[in-house]
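Here's the structure, in structure tokens; my notes come after.
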Amino acid sequence: MTFDALTLTALRQELTGLLIGGRVQRVVRVSELAIGLEVYAGERYQLLLSAEADAPQVRLVDFKLRRGEEKPSPLSLLLKKHVDGARLMAISQPELERVLRLCFEGEHGEVHLICELMGNLSNLILVDGQGRIMEAAKRVPASLNRYREVLPRRAYVPPPPQSKLHPLAASPSDLFAALQTSEEPMARRLAQAVAGVSPLLAREALYRATGGEPLPLTLPLCEQLLAQLGALWGLAESGEWHPTVGCTIEEGGLVPRAFAPYLLMHWPEREYQPTVSAAAARVLDAETVDDGMTGSAPLDGYERARARLDQMIAQQLARRERRLASLQEGLVTPDELEALRLEASAILAAAWRIEAGQSKVEVTRSEVTGEMGEQGEQVWSIPLDPDLLPAENAERRFAEYRKRQAALAQVPGLIAEVELELAQLRQFQTDVALAADRGQLDEVEAALQAEGYLRRRPKRVAAASSEPLVVLAPDGTQILVGRNSRQNAEVTFHRAAPDDLWLHAHVVPGSHVIIRCGQRPVSPETLEIAARLAARYSAARGEAMVQVDYTERKYVRPIAGAGPGLVTFRNERTITVPPDIAGIEGA
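Sequential numbering of the sequence shown, starting at 62, is according to our numbering.
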């Protein structure tokens with residue numbers, strides 16, 4: 062499902078009403094061919110621009126756009142220089158074209174970001190104030206397109222004009238002649254003959270002109286078709302859009318299949334949306350979920366990186382959980398160990414009366430220990446391997462005894478090591494879930510590599526660079542939030558003073574939170590804010606209420622030999638809060 066010229070017209074009006082005069086606060090490279098702009102115009106808006114061939118689009122999204130590529134592209138670097146911090150001054154569209162031009166005015170002057178949404182030919186092109194190309198998402202040399210090169214320092218040339226009828230200027234006889242040249246279905250012929258008419262728009266105009274009846278091609282029909290096209294394109298003048306989603310009925314309910322800024326009368330099952338962006342999201346997001354992806358196609362760079370790390374961590378966790386189960390299975394108590402030794406001794410004591418092929422022997426306690434015990438004489442029934450001699454049966458048990466005895470000395474330490482690794486991996490798992498963008502995912506990957514859980518990839522992972530979250534409480538107290546293992550170690554052991562307050566969600570992986578209070582008392586309001594931050598940035602963030610431990614930083618100690626951020630602490634108290642950070646400024 063793509064954006065046609067009429068849909069872009071409605072979208073241009075939508076964006077103009079919301080974003081003009083707004084300042085760009087952030088530029089992110091969402092995927093290889095998609096850019097995200099955060100625009101502040103009274104409130105924050107997330108604008109997605111994509112030149113992906115299978116999902117070219119420009120629309121607002123209702124979530125924060127994340128960096129999905131490890132390295133910036135030449136286009137994203139220039140956008141950061143010329144568009145980040147600039148104001149969006151105008152949005153224009155060539156008549157009947159699937160092209161939007163966004164004009165920005167910033168510190169370095171005027172630039173234009175031209176979004177061409179034309180299937181495989183889609184592109185994002187940055188142009189300076191003199192019309193010269195600065196960079197593009199896809200460079201197009203003359204060897205690929207003789208009509209227009211898309212290369213830096215070349216003059217920008219618009220896409221070639223369409224050799225089609227104008228929907229508002231064509232006569233019925235012109236349309237009749239154009240439609241007679243093909244035996245294709247009528248809607249397809251209409252889309253091929255008239256500029257600015259997509260297959261969806263053609264089907265809608267045909268349905269409105271015929272009521273869904275298969276009518277032969279006649280001049281009156283052509284007159285009706287042009288009238289309906291005129292009415293639909295007339296919405297651009299009135300602005301009376303009705304964003305609609307056409308659906309099919311399938312198991313589980315309605316499935317979105319098409320969207321338009323006008324009423325889709327030829328779709329019997331419809332949903333109505335408040336904006337064109339919302340209508341587009343219903344269809345595009347549903348399409349990519351059907352394809353086994355999460356979110357919109359251009360947004361999958363971040364999701365792919367997160368899914369890859371999640372899978373790697375899950376594999377490491379499973380491996381160590383199996384190791385832990387194996388160690389625990391081989392661990393015996395001192396009583397079980399002593400019973401094994403006594404069985405071996407009992408077989409030797411009764412060897413003189415064990416016959417060949419015997420499968421068990423009964424031995425009294427006094428035969429083995431020389432005493433009857435507190436409960437009187439006890440008889441033990443000991444199974445034997447009938448193929449072995451008595452001495453061999455005894456030696457087998459002595460060998461098992463020595464093996465278990467060695468394990469009893471070593472296994473507890475090994476179990477402690479594996480449990481520590483599991484705790485660290487679960488913390489990394491939480492770090493991945495909390496990572497706000499691709500850069501923070503790269504930090505987690507670098508930490509996993511440094512701890513030996515992952516092999517280093519040939520492509521270098523970016524060095525740690527993100528900063529802990531800093532929040533100011535209403536009374537001015539500074540609160541630090543570590544959002545991954547490295548940041549946790551930094552806020553706790555490098556930024557916090559001994560008398561600062563340290564917080565962490567109870568018995569689950571999560572962030573280290575520091576209230577920088579020194580020896581000053583902490584107000585209940587500040588304590589609750591910090592606790593809510595600790596709850597939100599933890600593995601328990603999906604719970605209704607979360608217990609949070611807090612103590613002075615001087616009572617927190619790193620675990621020897623463990624990775625960054627793993628600690629022990631004492632003298633803690635506990636507060637229960639919701640993991641809700643709404644209304645916390647800066648969070």
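For each residue, glycine too, the CB sits at the ideal point set by N, CA and C.
Here the structure is a predicted model, which is why all the values come from computation and not from measurement.
What residues in its chain sit with their C-beta under 7 Å from that of Ala216, if we drop five residues either side in the sequence? For Ala216, where only same-chain residues beyond five positions count, the Cβ hits under 7 Å are Gly192, Arg193.
Ignoring anything shorter than 4 residues, give me the alpha helix (DSSP H) runs that lie fully in the segment 296-357, in order along the chain. Listed in chain order, they are 337-351.
Any beta carbon of chain D sitting closer than 8 Å to that of Ala340? Included in the structure is just one protein chain, with no chain D present.
Selection from Arg162, Ala256, Gln334, Leu182 that minimises the alpha carbon distance to His173: Closest option to His173, Cα to Cα, is Arg162.
Between the C-alpha atoms of Leu69 and Ala497, what's the straight-line distance to the nearest angstrom? Computed Cα separation, rounded: 30 Å.
Classify Leu76 as helix, strand or coil using the three-state DSSP reduction. Note: Leu76 maps to helix in three-state DSSP.
Residues in its own chain within less than 8 Å of Leu79 by CB, not counting five upstream and five downstream? The answer, listed in chain order, is Ala102, Tyr106, Leu121.
Per-residue DSSP class, three states only, for Asn454: Three-state result, Asn454: helix.
Per-residue burial, Arg214 [other beta carbons within 10 Å of its own, 16 or more giving buried]: Flag for Arg214 reads exposed.
Give me the residue from Ala368, Glu478, Tyr323, Ala550 with the minimum Cα distance to Ala292. Checking every option, the nearest Cα to that of Ala292 belongs to Tyr323.
Going by the CB atoms, is the gap between Met326 and Arg369 shorter than 8 Å? Cβ distance not < 8 Å, so Arg369 and Met326 don't count as in contact.
Within 8 Å, strictly: CB atoms of Arg593 and Ile645: Yes, these two residues count as a Cβ contact at 8 Å.
Gly474 in three-state terms, based on DSSP: In the displayed model, Gly474 falls within a helix according to three-state DSSP.
So, are the CB atoms of Pro219 and Tyr208 less than 8 Å apart? 8 Å or more divides the Cβ of Pro219 from the Cβ of Tyr208.
Quick check on DSSP: helix, strand or coil for Ile443? Strand.
Answer yes or no: do Leu139 and Leu187 have a C-beta to C-beta separation smaller than 8 Å? Less than 8 Å divides the Cβ of Leu139 from the Cβ of Leu187.
Could you tell me which of Val568, Gly83, Ala511, Asp492 sits nearest to Gln548, measuring between CA atoms? Checking every option, the nearest Cα to that of Gln548 belongs to Asp492.
DSSP on Leu562, reduced to helix/strand/coil? In the structure shown, Leu562 sits in a strand (DSSP, three-state: E or B).
Straight-line CA distance for Arg200 to Glu177? Using only the alpha carbons, I get a separation of about 13 Å.
My assumption, with CB atoms under 8 Å, is that Val479 sits in contact with Arg381. Please give the rounded CB distance. 5 Å between Cβ atoms; contact.
Taking the beta strand (DSSP E) that Ser224 belongs to, which residues open and close that run? From DSSP, Ser224 is part of no beta strand (DSSP E); its letter is neither H nor E.
For a quick check, are the C-beta atoms of Ala151 and Ile96 less than 8 Å apart? Not in contact: Ala151 and Ile96 (Cβ atoms no closer than 8 Å).
With contact counted as at least three CB pairs below 8 Å, one residue from each stretch, are the segment 552-566 and the segment 611-622 in contact? The segment 552-566 vs the segment 611-622: in contact.
When the Cα atoms are used, what is the spatial distance from Gly272 to Tyr333? Approximately 21 Å, taken between the alpha carbons.
Measure the C-alpha to C-alpha separation of Gln419 and Gly391 and round it to an integer number of angstroms. A straight line joining the alpha-carbon of Gln419 with that of Gly391 spans about 29 Å.
In the structure shown, what three-state DSSP assignment does Val88 receive? In the three-state reduction of the DSSP assignment, Val88 falls in the strand class, which pools E and B.
Straight-line CA distance for Gly353 to Leu481? Only weak support is given to the placement of Gly353: the predicted model assigns it a pLDDT of 37, under 50, and the question is left unresolved by the model.
Only counting the same chain, and skipping five residues up and downstream in sequence, which positions put a Cβ closer than 6 Å to that of Gly170? Apart from the 5 residues on each side of it in sequence, Gly170 sits with its Cβ closer than 6 Å to the Cβ of Gly190 in its chain, given in chain order.
Beta strand (DSSP E) segments (min. 3 residues) lying fully within the segment 374-434: List check, beta strand (DSSP E) in window: 421-425.
Should Leu280 go down as buried or exposed, given a rule of 16 or more other Cβ atoms within 10 Å for buried? It counts as exposed.
Would the beta-carbon of Leu157 fall within 8 Å of that of Gly257? Yes; because the gap between Cβ atoms is below 8 Å, this pair is in contact.
Go ahead and label Asp503 buried or exposed: buried means 16 or more other beta carbons lie within 10 angstroms of its beta carbon, across all protein chains shown. Buried, by the Cβ-count rule.
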